[in-house]
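Quick note on the UniProt record's numbering: the sequence shown kicks off at 1 and runs consecutively. Quick reminder that beta carbons are idealized off the backbone N, C-alpha and C, glycines included. Since the structure comes first, as structure tokens, the remarks are kept for the end.
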Amino acid sequence: MERAGEFLIEAVRNGIDRPRLETRMAARRVFLIAGAGAGKSSLIARAEAADPRAYLLRLGPRYATPSALAAELEIAARSEASTVLIDDAQWCAGCEAADVLERFVVDAPQRVILASREAFPFATARAEYGGTAVLGVRDLALRLDEVAAVFRWAGAKAPSSAAASRLLTETAGSPALIVALAGAVADVDRDAVDVALVAAIEGGAAAPVLDGLLDDLDPIVHEALTRASVLPSMRAESAIDLLGGAAGCALLRALDDGMVPHRLRADGARELPRMLRRHLFGRLPASERAALAADAAKLLTPADAARALADAANWDDAIDVLRAHPVAIAAPGAAAWAPPRADVVTDLLAVRALIDDREPVTARRRLDALRLDRLPPEFATIPAVLRDELDGLAGPWEASVGPTASTRAAAASTGRSAGDPTTTTRATAHRLLVGDALGATRALLRRLRDPAAAPHVRLGCRLALVVARAAIASAAETAASLCHLEAEAMALGLPGIARLARGMLAALAPESSPHAVHEVVEECELRGDDEGAAFVEAAWLLGRLHDGRAESRRAAALADRLSRLGAADGAAVASATAAYLAAQHHEPHAVSVLAAAEASALVTPTPAARAWIDAAYLVRSGDPERLAAARRAARDAGMPRLPVPLPTAAELGRRTSRAPAEPVRLEVVERIPRITVGCFGGFRLRVDGRDLDLRGVRPQARNVLRMLALNAGSPVHRELIAEVIWRDLEPTSAVHALHVSVSSLRRALGLDTADRVVARDGEAYQLRLANRRDCDLADFDANLEGAAAARRSGDATGTADGLRRALHRYVGEVLPEDGPAEWAVGARDRYKTRASEAAAALAHLELRSGDRHGALDAATRGIEIDPWHDASWRALLAVHRESGDVVATRRAEQGYRRMRVALGVD
Numbered sequence: 001m002e003r004a005g006e007f008l009i010e011a012v013r014n015g016i017d018r019p020r021l022e023t024r025m026a027a028r029r030v031f032l033i034a035g036a037g038a039g040k041s042s043l044i045a046r047a048e049a050a051d052p053r054a055y056l057l058r059l060g061p062r063y064a065t066p067s068a069l070a071a072e073l074e075i076a077a078r079s080e081a082s083t084v085l086i087d088d089a090q091w092c093a094g095c096e097a098a099d100v101l102e103r104f105v106v107d108a109p110q111r112v113i114l115a116s117r118e119a120f121p122f123a124t125a126r127a128e129y130g131g132t133a134v135l136g137v138r139d140l141a142l143r144l145d146e147v148a149a150v151f152r153w154a155g156a157k158a159p160s161s162a163a164a165s166r167l168l169t170e171t172a173g174s175p176a177l178i179v180a181l182a183g184a185v186a187d188v189d190r191d192a193v194d195v196a197l198v199a200a201i202e203g204g205a206a207a208p209v210l211d212g213l214l215d216d217l218d219p220i221v222h223e224a225l226t227r228a229s230v231l232p233s234m235r236a237e238s239a240i241d242l243l244g245g246a247a248g249c250a251l252l253r254a255l256d257d258g259m260v261p262h263r264l265r266a267d268g269a270r271e272l273p274r275m276l277r278r279h280l281f282g283r284l285p286a287s288e289r290a291a292l293a294a295d296a297a298k299l300l301t302p303a304d305a306a307r308a309l310a311d312a313a314n315w316d317d318a319i320d321v322l323r324a325h326p327v328a329i330a331a332p333g334a335a336a337w338a339p340p341r342a343d344v345v346t347d348l349l350a351v352r353a354l355i356d357d358r359e360p361v362t363a364r365r366r367l368d369a370l371r372l373d374r375l376p377p378e379f380a381t382i383p384a385v386l387r388d389e390l391d392g393l394a395g396p397w398e399a400s401v402g403p404t405a406s407t408r409a410a411a412a413s414t415g416r417s418a419g420d421p422t423t424t425t426r427a428t429a430h431r432l433l434v435g436d437a438l439g440a441t442r443a444l445l446r447r448l449r450d451p452a453a454a455p456h457v458r459l460g461c462r463l464a465l466v467v468a469r470a471a472i473a474s475a476a477e478t479a480a481s482l483c484h485l486e487a488e489a490m491a492l493g494l495p496g497i498a499r500l501a502r503g504m505l506a507a508l509a510p511e512s513s514p515h516a517v518h519e520v521v522e523e524c525e526l527r528g529d530d531e532g533a534a535f536v537e538a539a540w541l542l543g544r545l546h547d548g549r550a551e552s553r554r555a556a557a558l559a560d561r562l563s564r565l566g567a568a569d570g571a572a573v574a575s576a577t578a579a580y581l582a583a584q585h586h587e588p589h590a591v592s593v594l595a596a597a598e599a600s601a602l603v604t605p606t607p608a609a610r611a612w613i614d615a616a617y618l619v620r621s622g623d624p625e626r627l628a629a630a631r632r633a634a635r636d637a638g639m640p641r642l643p644v645p646l647p648t649a650a651e652l653g654r655r656t657s658r659a660p661a662e663p664v665r666l667e668v669v670e671r672i673p674r675i676t677v678g679c680f681g682g683f684r685l686r687v688d689g690r691d692l693d694l695r696g697v698r699p700q701a702r703n704v705l706r707m708l709a710l711n712a713g714s715p716v717h718r719e720l721i722a723e724v725i726w727r728d729l730e731p732t733s734a735v736h737a738l739h740v741s742v743s744s745l746r747r748a749l750g751l752d753t754a755d756r757v758v759a760r761d762g763e764a765y766q767l768r769l770a771n772r773r774d775c776d777l778a779d780f781d782a783n784l785e786g787a788a789a790a791r792r793s794g795d796a797t798g799t800a801d802g803l804r805r806a807l808h809r810y811v812g813e814v815l816p817e818d819g820p821a822e823w824a825v826g827a828r829d830r831y832k833t834r835a836s837e838a839a840a841a842l843a844h845l846e847l848r849s850g851d852r853h854g855a856l857d858a859a860t861r862g863i864e865i866d867p868w869h870d871a872s873w874r875a876l877l878a879v880h881r882e883s884g885d886v887v888a889t890r891r892a893e894q895g896y897r898r899m900r901v902a903l904g905v906d
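Written as structure tokens, this is what we have:
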């Protein structure tokens with residue numbers, strides 16, 4: 001295990017940081033008490049690197065002699081060191097040298113940091129120390145927001161937040177185990193790292209580290225730990241009953257002393273790393289595993305008993321437990337396992353698991369497929385309970401859905417309150433989305449004080465409270481709360497709540513990555529949890545409002561999502577927020593966005609929406625009355641204030657009083673060169689009619705230019721550009737690289753006004769065009785929009801003209817030189833599909849007008865653009881059949897059939 005410790009020390013020297021521990025590590029006396037591989041030596045090494053006057057003393061067997069230790073400590077005490085660092089102090093534990101060490105810790109004038117695998121009686125808070133911090137194994141465990149740094153140091157790509165969460169569940173955050181697993185996937189590319197990590201976990205890549213951790217244990221503790229590995233979670237009474245008094249107490253003491261990595265759950269139970277449980281339990285003979293599981297099942301709750309039996313593959317016994325206690329199936333978090341068979345228990349557990357994972361559509365489909373008439377009598381009430389909870393997960397938006405009369409008895413039988421469904425917490429979260437922070441906070445606190453509230457309800461309330469208080473809490477406090485909530489949700493078998501916590505962590509982080517947020521939003525969408533996706537996006541918008549980096553397009557996208565969910569009030573607030581941001585950033589479409597927000601607020605009057613609209617008018621006009629109105633509406637909504645800085649009345653007064661005295665000034669408007677951009681068939685940039693030579697520009701800077709061109713003159717936030725192009729860099733480094741690239745682009749333009757061509761717009765960049773249609777993509781879009789408008793008015797000629805002009809613009813795929821780059825592929829596929837559809841539509845129009853040659857040209861062009869587009873082939877068949885050309889029709893039919901066979905649809 002010494003090798004693992006050296007590995008972790010080197011990790012710190014190469015940049016792994018633990019900022020959340022810095023305050024405690026700054027105490028006058030710091031005691032790091034934990035077993036091997038907990039990261040103690042890493043913190044010692046960091047403290048040494050941070051203090052040039054530090055004195056490091058790494059103890060060994062010879063320091064168990066009091067005289068040898070006293071001599072070394074005397075040198076340290078007389079040195080000019082400001083901090084004395086003592087590592088591996090366990091060599092002095094339990095012998096006379098411990099007294100020498102205690103006297104030094106008490107009397108030393110310097111700051112002392114001591115690391116040991118064994119506890120010392122003096123390693124506790126004392127007045128004479130002048131400030132003490134004791135960090136144990138749970139304090140030193142890595143947290144969700146620290147995993148990525150370990151992987152980057154190990155040369156591995158950072159896993160997704162979902163994979164990092166599973167990693168922490170498997171390892172209990174043990175630094176040694178996580179470093180080992182990161183090293184196992186160091187050569188894997190980003191897209192495959194999650195799969196490789198699962199394979200490393202299940203394949204025993206960390207087995208040598210586990211053996212090293214176990215080698216340090218007393219044989220009695222090792223044996224007790226092996227037998228206790230049958231327990232899904234360990235409570236003191238169950239451990240003592242299963243292991244016996246002496247062995248049980250020895251194990252609990254070893255856990256409390258930090259000798260074994262573990263997590264402490266909110267209910268007081270200890271949870272061993274899952275990979276450690278499998279490592280130990282799998283080494284027992286099958287017969288011993290079965291007998292041990294049977295003994296443990298007698299001591300546990302029905303849900304834990306079934307899990308213990310299932311872990312031992314005693315499927316029949318596990319199902320018998322559930323048949324004897326059917327309400328255990330309906331309890332949230334009870335479906336962390338499923339028997340490998342098709343029966344009613346499996347079906348009910350599957351529905352329970354889908355609800356816990358926030359997959360409402362699939363859960364409802366599985367529940368509806370149950371044959372209720374074939375359910376055994378003992379399970380008759382369970383579907384009603386599950387349906388009640390499912391209605392609470394995905395019911396109507398505005399208010400909580402009360403339990404039906406048919407489910408009250410079933411709910412009571414599970415120990416839940418029928419008047420206390422998940423929907424109550426959900427409805428309170430909806431209040432947060434419409435700005436009622438004060439009312440929602442009061443309601444959430446009342447729920448938390450209710451002793452009858454179920455654990456999953458409490459978790460949901462706490463998660464909502466963390467988000468509600470993010471504006472007044474420190475970023476470190478918010479992150480700590482969310483990491484703790486996420487771990488607790490995973491421990492309770494509630495991955496849906498854990499996912500939301502990961503989303504909030506990504507959304508509210510000061511240096512939040514758009515990729516990390518999108519990752520969680522996509523997870524939610526994949527499971528049909530559109531409401532969860534909306535919550536995460538709303539938190540992201542809130543976080544960006546607090547730090548001044550919010551964008552109107554994000555708020556508008558949230559409004560669209562909420563509108564699709566039927567949340568008219570939430571959509572109105574998001575639309576009004578978009579109007580404020582558009583006004584704040586002086587966006588060209590700010591007036592139309594504000595008008596749309598006004599219209600939405602008229603249909604759905606919401607105080608919070610009114611507050612944002614008044615704030616938008618305030619930004620545009622500087623009218624002090626708008627300031628008062630915005631503040632008044634915010635208070636009416638339940639917000640102490642809007643989460644953005646508004647000018648004070650005094651500032652507005654000074655601005656107004658100065659205005660009349662200012663002379664009218666004539667400005668000389670500097671001419672901006674005319675930029676024309678082409679993306680179809682390859683990138684082209686012309687400045688005042690001349691082609692710009694970009695061969696001397698670095699490739700990543702050219703990528704920035706092409707990415708801006710793809711957006712046809714609209715602003716693109718710098719974080720999005722940095723995340724897409726420099727995704728392997730830290731956010732700060734990526735943004736710096738972006739700034740360097742923009743500077744090189746401006747130099748390449750060689751114009752006095754280059755900074756107004758590649759322009760900064762707040763936190764965004766844009767390629768500023770005199771006319772959006774100077775970009776071929778925007779002109780293509782405008783022609784299709786014109787064709788659509790003509791079609792709606794019944795103008796066939798105008799429709800055909802618009803389609804022809806669009807197809808004339810489409811001279812090839814979008815940016816073919818960028819190959820499979822993620823940021824280009826989406827636009828390339830989208831425009832290819834739209835061009836193929838335009839060609840097929842034009843073919844049908846030409847055919848109806850009697851122009852068969854024009855119809856044939858259009859249909860053929862559609863297939864040339866996209867030979868896999870079904871509508872183009874059908875248009876070609878229609879043209880040939882109309883013309884009566886049998887041979888051409890047969891050839892087209894054969895080509896169409898080959899295409900469908902290749903796609904696997906025929």
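Should N771 be labelled buried (16 or more other beta-carbon atoms within 10 Å of its own) or exposed?
By the 10 Å Cβ count, N771 comes out exposed.
Residue from T23, D88 and E48 whose Cα sits closest to the Cα of A36:
Residue nearest to A36 within the set T23, D88 and E48 is D88 (criterion: CA-CA distance).
Taking S42 as part of the alpha helix (DSSP H), name the residues at either end of that continuous run.
For S42, the enclosing alpha helix (DSSP H) has its first and last residue at K40 to A50.
Do L239 and G248 have their C-beta atoms closer together than 8 Å?
Strictly speaking, residue 239 in this sequence is Ala, with Leu absent from that position. Cβ distance < 8 Å, so A239 and G248 count as in contact.
What are the start and end residues of each continuous alpha helix (DSSP H) run of 4 or more residues lying completely inside the segment 468–531, in chain order?
Secondary structure in the segment 468–531: the alpha helix (DSSP H) runs of 4 residues or longer, each lying completely within the stretch, are 475–491, 495–508 and 514–526 in chain order.
A759 lies in the beta strand (DSSP E); which residues open and close that run?
Unbroken beta strand (DSSP E) run through A759: V758 to D761.
Measure the beta-carbon distance from D529 to E288 and round it to whole angstroms, keeping in mind my assumption that it falls under 8 Å.
The distance from the Cβ of D529 to that of E288 is about 42 Å, inconsistent with a contact at the 8 Å cut-off.
Only counting the same chain, and skipping five residues up and downstream in sequence, which positions put a Cβ closer than 7 Å to that of L445?
Here the set comprises nothing.
Residue range of the unbroken alpha helix (DSSP H) whose run includes D818:
Counting along the chain, D818 falls outside any alpha helix (DSSP H), and DSSP gives it neither H nor E.
Is the CB of R499 under 8 Å away from at least one CB in chain C?
Judged by its chain identifiers, the structure shown contains no chain C, having just a single protein chain.
Count the other CB atoms within 10 Å of the CB of T732; is the residue buried (16 or more) or exposed (fewer)?
Classification for T732: exposed.
A410 to T381 span [Cα, whole Å]:
In this prediction, A410 has a pLDDT of 39, which is less than 50 and means its spatial position is unreliable; what the coordinates show is noted afterwards. Straight across, the Cα-Cα distance linking A410 with T381 is about 5 Å.
Beta-carbon proximity list for D774, same chain, < 6 Å, skipping 5 on both sides
Short of 6 Å from the beta carbon of D774, and not among the five residues preceding or following it, lie these beta carbons of its own chain, in chain order: T676.
D320, enclosing alpha helix (DSSP H) - first and last residue
Per DSSP, the unbroken alpha helix (DSSP H) holding D320 starts and ends at W315 to A324.
Counting only the same chain and skipping the five closest in sequence on each side, list residues whose C-beta sits under 8 Å from that of L903.
Once the five neighbours on either side are set aside, the close Cβ partners of L903 are W868.
Going by Cα to Cα distance, which pick from R190, V137 and W153 is closest to A163?
The shortest Cα separation from A163 among R190, V137 and W153 belongs to R190.
Let's see if you can read the secondary structure: which residues bound the beta strand (DSSP E) around R111?
Residues R111 to S116.
Per the contact definition of three or more C-beta pairs closer than 8 Å, is the segment 150–160 in contact with the segment 275–292?
When Cβ pairs closer than 8 Å are counted between the two stretches, the segment 275–292 is seen not to touch the segment 150–160, the count staying below three.
Would you tell me roughly how many angstroms separate the C-alpha atoms of R138 and P607, rounded to the nearest one?
CA-CA distance, R138 to P607, rounds to 45 Å.
Give the DSSP-derived three-state secondary structure of Y55 in the structure shown.
The answer is strand: DSSP assigns Y55 an E or B state.
Report buried or exposed for D691, applying the criterion of at least 16 other Cβ atoms within 10 angstroms of its Cβ.
It is exposed - the Cβ of D691 has fewer than 16 other Cβ atoms within 10 Å.
Less than 8 Å between the beta carbons of V687 and S161, yes or no?
In this structure, S161 does not lie closer than 8 Å to V687 by Cβ.
In angstroms, rounded to a whole number, what distance separates the CA positions of S79 and A93?
C-alpha separation (whole angstroms): 25 Å.
Short of 7 Å in beta carbon distance, which residues of its chain neighbour A538, apart from the five on each side in sequence? Order them along the chain.
Counting only Cβ-Cβ distances below 7 Å, and skipping sequence neighbours, we find L433 and L558.
Check the DSSP bridge columns for C775 and list the partner residues they point to.
Partner residues in the beta bridge of C775, as assigned by DSSP, are V677.
Indicate the three-state DSSP secondary structure (helix, strand or coil) for H589 in the structure shown.
Of the three classes helix, strand and coil, the one that applies to H589 here is coil, per DSSP.
For V886, name the three-state secondary structure that DSSP assigns.
DSSP, read as helix, strand or coil, puts V886 in helix.
Run through DSSP, which three-state label would A557 get?
DSSP places A557 in helix when its eight states are reduced to three.
When the Cβ atoms of the segment 169–180 are set against those of the segment 254–264, are three or more pairs found closer than 8 Å?
Touching, yes, given that three or more Cβ pairs across the two stretches are closer than 8 Å.
According to DSSP, simplified to helix, strand and coil, what is E723?
Assigned with DSSP and collapsed to three states, E723 falls in helix.
Any heavy atom of the ligand HEM within a distance shorter than 7 Å of the CB on H515?
This structure does not include the ligand HEM; it has no bound ligands of any sort.
Helix, strand or coil at G170 according to DSSP, with G and I counted as helix:
A small fix is needed here, since residue 170 is Glu in this sequence, not Gly. In the displayed model, E170 falls within a helix according to three-state DSSP.
Using only the alpha-carbon positions, how far apart do I355 and G460 sit?
Taking the Cα positions, I355 is about 14 Å away from G460.
Using a Cβ-Cβ cut-off of 6 Å (strictly less than) and excluding sequence neighbours within five positions of R684, which residues of its own chain qualify?
Once the five neighbours on either side are set aside, the close Cβ partners of R684 are G678.
Residue range of the alpha helix (DSSP H) that includes Y617:
Under the DSSP assignment, Y617 falls in the alpha helix (DSSP H) whose first and last residues are P607 to S621.
Run through DSSP, which three-state label would E813 get?
In the structure shown, E813 sits in coil (DSSP, three-state: anything other than H, G, I, E or B).
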